[in-house]
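S.K.: Just so you know, the sequences run in chain order A and B.
Quick note: the first sequence uses the numbering used here, first residue 1, plus one each step.
Quick note: the second sequence uses the numbering used here, first residue 1, plus one each step.
The C-beta atom is built at its ideal place from N, Cα and C for all residues, glycine as well.
Keep in mind that this is a model prediction, so the values were computed, not measured.
2 protein chains.
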Amino acid sequence: MAGRRESKKRETRQRISDVATELFLARGFEAVTLDEIAAAAKVSKMTIFNYFSRKEDLILDRQDDLRLVPFREAIRARPEGEAPVAALRRLLERLRAERHPLARIDRHTAEWWRFVAASPSLEARMRELADEATEGLALELGGPKPDGLARLAAGLIVLTVRTARQEALRVFERGGPAKRANEAFWALIDRGFAAVEDLSR
Amino acid sequence: MAGRRESKKRETRQRISDVATELFLARGFEAVTLDEIAAAAKVSKMTIFNYFSRKEDLILDRQDDLRLVPFREAIRARPEGEAPVAALRRLLERLRAERHPLARIDRHTAEWWRFVAASPSLEARMRELADEATEGLALELGGPKPDGLARLAAGLIVLTVRTARQEALRVFERGGPAKRANEAFWALIDRGFAAVEDLSR
DNA sequence: TCAAAATATTGGACTCGATATAATTTTCTG
DNA sequence: CAGAAAATTATATCGAGTCCAATATTTTGA
């Protein structure tokens, strides 16, 4: 049976991630060092890098979501004849119904984003992920060699999601009820996606 | 005469910047250490940080341009009744006529951008500057408390410039003549700005 | 079952950017 | 020139990330 090693690896990785998350949330991202995490997780620092290539990745889990991979899949899997943006709108509706963090502002997600915003290096990593998301969407919209217009559209989609989220968070942090925050979110999504549709005309 | 100190400071800063630039261009951004720069410029490492808060800033000079400060000024100084985007179009025309690096692709600027693209940390800094540009433009478009729409418009302006430049560079690197590269640049600027105009309607 | 191959993990030294502090030098002012 | 102010320095420290050689663990296959 060749599964022992695999399961141990999964355990180790999970333990590191859990320990790191706990420490980060308790004391802030920058305040916790990798040495501390290593000690708390009872592994060597090298082992951490074995599983996570940067400190940021210890907390920025669900990188697929942050890279908007579901968006790409929704475009690729759309029914024949449907416009890419329409497929994205459908996807977002579904995410909303499922209360997916990508399409929802509540106390919990707001706290998460506040945590990210409090750290310059996490913000930097988020920007990087946004660029990766743009690149991925451009491939979906424009094929293997996307032209400038496809890239602009992809960038606008990512920008829209990001801006809508930031605005919703701003409303929420200002003390607005979650309902108003989510309204702000969807209003901007609507505007942005309309602009994407206009782009290609 | 209280100018000796000032001029010495200017000299020191310039010497550091010159020495750093030379080393960077010769051997690549990541390959040159701050210790080397300090030694070559005959200052202590601390003095470098006295003038430049990060290594990236040693080469990313003209931060005002990279932050699109001229864009903000063009909007603020526009004649009464003119739309912000129209003012930006005028500005860009002027920059083109002046062969300003922000609105031009040629061997020289292409080499510069290639250099930046070759360094992950310079790219990261560029993303950060883009965000600062967005924030600044949003203030110009939406007043001291810009709403989501103003932020989206600001983001789209920055995105457009960035995407247009990247696309033009791609054309240029692919061997296209500078003329074609610049055409690609302006075509995307046009599309993007049209989208900005549509946004607010 | 056992030895060898494959793979994970470790410790420790090292690089480099960045920060903090205190000492020292240079410039300015009266 | 004396003393204040500002610039520069040396030095120590931190923390992320890399490298390497040694060690431990798991797998494989004879």
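(1) Work out the CA separation of B:P70 and A:E56 for me, nearest whole Å.
(2) Rank A:S17, A:I48, A:R127 by C-alpha distance to the C-alpha of A:I59 and give the top, closest one.
(3) Determine the extent of the alpha helix (DSSP H) in which B:L129 is found, giving its start and end residues.
(4) Rounded to whole angstroms, what's the CA-CA distance from B:L34 to A:E82? Just pull it up for me.
(5) Should A:Q63 be labelled buried (16 or more other beta-carbon atoms within 10 Å of its own) or exposed?
(6) Does the separation of the CB atoms of B:V196 and B:L156 fall below 7 Å?
(7) Spell out whether any CB of chain A is found under 7 Å from the CB atom of B:E183.
(8) Can you tell me whether DSSP reads A:I59 as helix, strand or coil?
(9) How about B:L137 and B:L66: are their beta carbons less than 7 Å apart?
(10) Is the closest heavy atom of the ligand HEM to the C-beta of B:R62 under 6 Å?
(11) Beta carbons nearer than 9 Å to chain B: which residues of the region 160-181 of chain A have them?
(12) Can you give me the start and stop residues for the alpha helix (DSSP H) that A:H108 sits inside?
(13) Rounded to a whole number of angstroms, what is the C-alpha to C-alpha distance between A:N50 and A:S200?
(14) In terms of residues, what are the limits of the alpha helix (DSSP H) holding A:G192?
(15) Could you have a look at B:F71 and say whether DSSP puts it in helix, strand or coil?
(16) Residues of chain B with CB closer than 7 Å to the CB of A:G192, please, in chain order.
(17) Evaluate the contact criterion for the region 153-168 of chain A versus the region 168-181 of chain B: three or more CB pairs, one atom per stretch, below 8 Å.
(18) Using only the alpha-carbon positions, how far apart do A:A97 and A:A110 sit?
(19) Please compile the residues from chain B whose C-beta is within a distance smaller than 8 Å of the C-beta of A:R96.
M.R.: Straight from the coordinates:
(1) Your numbering for residue 56 of chain A matches position 56 in the first sequence. Your numbering for residue 70 of chain B matches position 70 in the second sequence. Cα to Cα, A:E56 sits roughly 34 Å from B:P70.
(2) The sequence position of residue 59 of chain A within the first sequence is 59, counting from 1. Out of A:S17, A:I48, A:R127, A:S17 has the C-alpha closest to the C-alpha of A:I59.
(3) Reading the second sequence from its first residue, position 129 is the one you call residue 129 of chain B. That run of the alpha helix (DSSP H) goes 120-142.
(4) Reading the second sequence from its first residue, position 34 is the one you call residue 34 of chain B. Reading the first sequence from its first residue, position 82 is the one you call residue 82 of chain A. Distance between the alpha carbons of B:L34 and A:E82: 54 Å.
(5) Here residue 63 of chain A corresponds to residue number 63 of the first sequence, with the count starting at 1. Label assigned to A:Q63: exposed.
(6) Taking the first residue of the second sequence as position 1, residue 196 of chain B is located at position 196. Taking the first residue of the second sequence as position 1, residue 156 of chain B is located at position 156. Their beta carbons are under 7 Å apart, which means B:V196 touches B:L156 by this criterion.
(7) Position 183 of the second sequence, counted from the first residue, corresponds to residue 183 of chain B. It does not; no Cβ of chain A falls within 7 Å.
(8) The sequence position of residue 59 of chain A within the first sequence is 59, counting from 1. A:I59 falls in the coil class under three-state DSSP.
(9) For the purposes of this step, residue 137 of chain B is identified with residue 137 of the second sequence, where counting begins at 1. For the purposes of this step, residue 66 of chain B is identified with residue 66 of the second sequence, where counting begins at 1. No, the Cβ-Cβ distance between B:L137 and B:L66 is not below 7 Å.
(10) Looking for the ligand HEM in the displayed structure turns up nothing, as the structure carries no ligands at all.
(11) T160, R162, T163, A164, Q166, E167, A168, R170, V171
(12) As a working note, residue 108 of chain A is residue 108 in the first sequence. In the DSSP annotation of this structure, the continuous segment of the alpha helix (DSSP H) that includes A:H108 starts and ends at 107-117.
(13) Looking up residue 50 of chain A in the first sequence gives position 50. Looking up residue 200 of chain A in the first sequence gives position 200. Spanning the two alpha carbons is a distance of roughly 44 Å.
(14) One-based indexing of the first sequence puts residue 192 of chain A at position 192. Taken as a continuous stretch (DSSP letters only), the alpha helix (DSSP H) holding A:G192 covers 178-199.
(15) Here residue 71 of chain B is taken as the residue at index 71 of the second sequence, counted from 1. In this structure, B:F71 counts as helix in the three-state DSSP scheme.
(16) Indexing the first sequence from 1 puts residue 192 of chain A at position 192. Per Cβ cutoff of 7 Å: L152.
(17) Not touching, per the Cβ criterion.
(18) Looking up residue 97 of chain A in the first sequence gives position 97. Looking up residue 110 of chain A in the first sequence gives position 110. Answer to the nearest angstrom: the Cα atoms are 18 Å apart.
(19) The count along the first sequence starts at 1 and reaches residue 96 of chain A at position 96. Correct list: empty, because the minimum Cβ distance to chain B is about 18 Å.
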